[in-house]
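Numbering (the working numbering), first residue to last: 1 to 89.
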């Protein structure tokens with residue numbers, strides 16, 4: 001089971017995106033919940049700690065922090081959502 005929890009900042013950024021982009025992000029997150037190996041889809045960001053990953057959705061990125069990882073249960077904290085040109089600043 002995979003759970004994605006948005007922070008207040010990431011929720012605000014998410015809601016400021018166009019509705020079409022919001023829908024694409026939600027579809028991708030729902031598909032990831034069913035994925036067998038979620039870590040094969042995510043890219044690890046080596047310069048950030050704790051375990052931080054990014055998810056690419058077209059021209060947009062989600063920055064995710066691995067919050068909890070137990071057998072059969074993974075929880076990610078969504079730290080930021082935005083355009084790929086601005087997300088890493």
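Even glycine gets a Cβ: it sits at the ideal position worked out from N, Cα and C.
Since we're looking at a predicted model, the values are computed, not measured.
Those residues which DSSP pairs with residue i across a bridge
{"i": "residue 47", "result": "Paired residue(s): none; residue 47 is not in a bridge."}
{"i": "residue 34", "result": "In DSSP, residue 34 forms no bridge with anything."}
{"i": "residue 3", "result": "75"}
{"i": "residue 81", "result": "62"}
Start-to-end residues for the alpha helix (DSSP H) that takes in residue i
{"i": "residue 12", "result": "8-16"}
Which listed residue (the options) has its alpha carbon closest to that of residue i
{"i": "residue 71", "options": "87, 20 and 37", "result": "37"}
{"i": "residue 66", "options": "25, 39, 51 and 80", "result": "51"}
{"i": "residue 40", "options": "49, 25, 56 and 26", "result": "56"}
Coarse secondary structure for residue i, derived from DSSP in three states
{"i": "residue 70", "result": "strand"}
{"i": "residue 24", "result": "helix"}
{"i": "residue 64", "result": "strand"}
{"i": "residue 41", "result": "coil"}
9 Å Cβ cutoff, residue i in contact with chain B
{"i": "residue 70", "result": "The structure shown contains no chain B, having only a single protein chain."}
Span of the beta strand (DSSP E), counted from its first residue to its last, around residue i
{"i": "residue 54", "result": "52-57"}
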